[in-house]
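Data block below; observations after.
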Amino acid sequence: GVLFSHLSRGLYDIFVARENQTRCVGRYDNHGSFGELALMYNTPRAATIVATTEGALWGLDRVTFRRIILKNNAKKRKTYELFIESVPLLKSLEPSERMKIADVIGEKTYQDGER
62 GVLFSHLSRG
72 LYDIFVAREN
82 QTRCVGRYDN
92 HGSFGELALM
102 YNTPRAATIV
112 ATTEGALWGL
122 DRVTFRRIIL
132 KNNAKKRKTY
142 ELFIESVPLL
152 KSLEPSERMK
162 IADVIGEKTY
172 QDGER
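Residue numbers (the numbering used here): 62 to 176.
Pasting the structure below:
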């Protein structure tokens with residue numbers, strides 16, 4: 062794959078080939094995206110996407126896609142590092158230990174009233 066594609070309009074069938082047989086495994090209906098795994102891991106696409114109606118999509122090339130992902134990851138990492146430094150218990154850790162925590166920390170969003 063050479064593009065990350067985001068669908069903005071149209072119907073698209075998703076085909077996967079297995080054991081010398083190709084079958085439709087799903088459909089994009091006016092929204093969706095594909096190609097990110099092929100770009101991130103430099104592998105062939107796992108599926109073939111076929112337009113079944115007139116449609117429109119946006120595409121990002123490999124270099125642009127990777128630059129956006131890396132920039133976003135660096136921004137998240139900085140946010141996590143600042144958070145870790147604001148927690149008194151974690152602030153006393155060695156910088157390498159704080160970086161390890163920043164690598165595995167996650168964020169969970171809750172809706173109002175959710176437990």
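For each residue, glycine too, the CB sits at the ideal point set by N, CA and C.
Following the DSSP letters along the chain, one finds residue 130 inside the alpha helix (DSSP H) bounded by residues 123 to 147.
Cβ contact annotation for residue 148 (same chain, cutoff 8 Å, sequence separation greater than five): none.
Checking the DSSP bridge columns, you'll see residue 93 partnered with 68.
Across the set 117, 141, 166, the C-alpha of 117 shows the shortest separation from the C-alpha of residue 91. Listed in chain order, the non-local C-beta contacts of residue 73 below 6 Å within the same chain comprise 89, 110, 112, local neighbours out to five positions each way being set aside. In its chain, beyond the 5 residues on either side, no residue has a beta carbon closer than 8 Å to the beta carbon of residue 173. Taken through DSSP and simplified to helix, strand or coil, residue 173 comes out as coil. Cβ-Cβ separation between residue 159 and residue 151: approximately 7 Å, consistent with a contact (criterion under 8 Å).
Proximity of the segment 64 to 82 to the segment 92 to 99 meets the contact definition, three or more beta-carbon pairs being nearer than 8 Å.
For residue 145, same chain residues with a beta-carbon under 7 Å away, outside a window of 5 residues either side, are 151, 159, 162, 163 in chain order.
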